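Going by the working numbering, the first residue of the sequence shown is number 289, and it counts up by one from there.
Glycine included, C-beta positions come from ideal geometry on N, C-alpha and C.
Please read all numbers here as calculations on a predicted model, not as lab measurements.
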Amino acid sequence: MAPQVKADELVPHPVKDQLPGVDYCVNSNPSWPEAIILGFQHYIVMLGTTVIIPTIVVPQMGGGNEEKAQVIQTLLFVAGLNTLLQSLFGTRLPVVIGGSFTFIIPATFVALSSRYNTYLDPRERFIHSMRGMQGALMIASILPILIGFLGLWRIVIRVLSPLSAAPPVLLVGLGLYTHGFPLLAECVEIGLPGLIILILLSQYIPHTWKLKRPIFERFAVLLSVAIVWAYAAILTVTGAYNNRPPQTQFSCRVDRSGLISGASWIKVPYPWQWGAPKVDAGDVFVMMAAALVSLVESTGAFIAAARYGSVTHTPGSVISRGAGWLGLGILLSGLWGTASGSTVSVENVGLLAMTRVGSRRVIQMSAIFMLFFSVLGKFGAVLASIPLPIVGALYCVMFAFMSSAGLGLLQFCNLNSFRTTFILGLSIYLGLSVPQYFNGYVITTGDGPVRSGSAWFNKIMQVIFTSPATVAGIVALFLDLTLARKHVNTKKDSGRHWWAKFKHFDKDPRSEEFYSLPYGLSKYFPSV
289 MAPQVKADEL
299 VPHPVKDQLP
309 GVDYCVNSNP
319 SWPEAIILGF
329 QHYIVMLGTT
339 VIIPTIVVPQ
349 MGGGNEEKAQ
359 VIQTLLFVAG
369 LNTLLQSLFG
379 TRLPVVIGGS
389 FTFIIPATFV
399 ALSSRYNTYL
409 DPRERFIHSM
419 RGMQGALMIA
429 SILPILIGFL
439 GLWRIVIRVL
449 SPLSAAPPVL
459 LVGLGLYTHG
469 FPLLAECVEI
479 GLPGLIILIL
489 LSQYIPHTWK
499 LKRPIFERFA
509 VLLSVAIVWA
519 YAAILTVTGA
529 YNNRPPQTQF
539 SCRVDRSGLI
549 SGASWIKVPY
559 PWQWGAPKVD
569 AGDVFVMMAA
579 ALVSLVESTG
589 AFIAAARYGS
599 VTHTPGSVIS
609 RGAGWLGLGI
619 LLSGLWGTAS
629 GSTVSVENVG
639 LLAMTRVGSR
649 RVIQMSAIFM
659 LFFSVLGKFG
669 AVLASIPLPI
679 VGALYCVMFA
689 FMSSAGLGLL
699 QFCNLNSFRT
709 TFILGLSIYL
719 GLSVPQYFNG
729 YVITTGDGPV
739 RSGSAWFNKI
749 MQVIFTSPAT
759 VAGIVALFLD
769 LTLARKHVNT
779 KKDSGRHWWA
789 KFKHFDKDPR
799 SEEFYSLPYG
809 LSKYFPSV
């Protein structure tokens, strides 16, 4: 006879406002030694994007290894400032604010502008193109600052449901698939072992080897990076890559980044260090588009960080406050000259899930490491010279965790509804397909598919429609607000009733616990 199934075993898993199984939530803290080590781990994880962006942008500006090292130091310094500000006065979620891949298109647009062709000296061209980026970033930051602090973004957040939020949150991580395994595969003999070791340490060993303290799952990134980096160093020293092509040597060797030689021993980045910013209207409009896309992607990351920090859904007024501080972060990026705007670091959100530590203190410790190593350039350059295939291995896991946060929102929705499945399927599909069309068009023709008479308008379209999260968010929100709007089951199918109590800050008492400002500032800057 077939075994009898108990009735309670057929009951669906209960819906949870706060993710269970997290060891430390936003307001709870590990011991100081553990917080310091975890903060250093977050610093290591955010280094990848911090190095990749200047590596792409700086050569197009005319800069070499010295300029690249300077930009990385500056980007680190500003990331430290922005992370502290966001964790103290913004959303107060455990998020790292770092550089954004979204700003590569507008940065390249500025760097390759014909007005800089008159500068024959590469250093001079670099300085002037950097000043052009600074001016564009500073003016573009006005958009998210106004949208955030005037409460306009709060309106958008309040009309979001779990159904319309799931696709953009999912694609904030999934949309970065080109930065995962392709980056790993640039040196597969280093990257693939890094991925395997990371999965073994973080997922398999903790289930087979029980320890009193969760060493492996909590510090898997540090352990795996140390092991594979040492392995890569051995391959480099023994001459394994001596006769390989230059690109292979750059990806695999541990001594080819050029950062250590280009970095200064001690230097404090400061505002306008490259000179007075310059402003061009076309550059500003393209940067504004990137700032808006960054805001959409950061909103998805905020929602995911709230889940992995084991707090309630973030009220619209709090996310709007965070959007304003994100705009101020872009302003600081322009003031200091980072060649990139600011956004929530997606990989660090994934690390929250891996470690099961969503403590705000840990993120603030990571910000201190950013500031420290940005000033002590040589020491920071040593860590920043980690081969990028190792970073690609980290991305594969961290972006996957970010993506699964979007899937987690589906617990609030009715997946037996054809309306739900249509909105989910179409928004996710178009979120992947439209950016693929735009990116493929650029690869084959050297330019985007929008061919108006205005170069800056063409780039605006390219910036917006190459963002999977933005495309998916637009489609999902439009369909959720318009399709069968008056049907009696629509509200429940979308999961709106689950988030109704978080629309306003004072409707759920837990919002005060998790999101109120420190030092009694909520009295003077109340959330509504």
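Looking at the DSSP output, V632 shares a beta bridge with I385.
Y529 carries a coil assignment under DSSP once its states are collapsed to helix, strand and coil. As a beta-bridge residue in DSSP terms, Y312 pairs with V645. Here the C-alpha atom of P347 lies approximately 19 Å from the C-alpha atom of S621. Under the criterion of beta carbons closer than 8 Å, R380 and Y803 qualify as touching, at roughly 6 Å. For T337 and V606, the gap between their C-alpha atoms comes out near 26 Å. Within the same chain, Cβ atoms closer than 7 Å to the Cβ of Q306 are found at S598, V599, T600, the five residues on either side in sequence being excluded. Excluding residues up to 5 positions away in sequence, T390, V751, I752, S755, T758 lie with their Cβ nearer than 7 Å to the Cβ of V581 in the same chain.
In this structure, V632 sits near F590, with a CB-CB distance shorter than 8 Å. Straight through space, the alpha carbons of S647 and S691 are spaced by roughly 21 Å. A straight line joining the alpha-carbon of I435 with that of L616 spans about 12 Å.
The beta carbon of D571 sits closer than 8 Å to those of P394, F397, V398, S401, G420, M421, G423, A424, W744, all from its chain and outside the five residues before and after it, given in chain order. Counting along the chain, N746 sits inside the alpha helix (DSSP H) bounded by residues 743 to 753. Residue environment analysis places A569 among the exposed positions, since fewer than 16 neighbouring C-beta atoms fall within 10 angstroms of its C-beta. Non-local beta-carbon contacts of G736 in its own chain, meaning distances under 8 Å to residues more than five positions away in sequence, involve F726, Y729, V730, N746, K747, M749, Q750 in chain order.
Listed in chain order, the beta strand (DSSP E) elements of length 3 or more contained wholly in the region 441 to 506 amount to none. Taking the CA atoms as reference points, P675 sits about 12 Å from G546. Judged by beta-carbon spacing, A428 lies within the 8 Å limit of I618, meaning their Cβ atoms are closer than that value. Judged by DSSP secondary structure, V333 falls within the alpha helix (DSSP H) whose first and last residues are 320 to 349.
Counting C-beta atoms within 10 angstroms of its own C-beta, R773 has fewer than 16 neighbours from the protein chains shown and is therefore classed as exposed. In the DSSP assignment, A578 falls within the unbroken alpha helix (DSSP H) covering 569 to 596.
Here DSSP, grouped into helix, strand and coil, assigns F437 to helix.
Between L472 and L489, the alpha-carbon positions lie close to 18 Å from each other. Out of L623, T626, S630, R595, the CA that lies nearest to the CA of G610 is found in S630.
P432 and L659 have their C-alpha atoms some 25 Å from each other. If you check the CB distance, S654 and V384 come in under 8 Å. Membership of C540 in the alpha helix (DSSP H) is indicated by the continuous run 534 to 540.
Per DSSP, Y558 is not a residue of any alpha helix (DSSP H), being assigned neither H nor E. In the three-state reduction of the DSSP assignment, H792 falls in the coil class, being assigned neither a helical nor a strand state. In this structure, R501 keeps its C-beta atom at 8 Å or more from the C-beta atom of T643.
In this structure, DSSP gives W613 a helical state, which the three-state scheme calls helix.
For G783, there is no enclosing alpha helix (DSSP H), as DSSP marks it with neither H nor E.
Going by beta carbons, A357 and A669 fall inside the 8 Å limit.
In the structure shown, K811 falls within a helical segment according to DSSP collapsed to helix, strand and coil. The alpha-carbon separation between Q537 and I678 amounts to approximately 14 Å. Taking C-beta atoms as the reference points, S782 and P534 fail to come closer than 8 Å.
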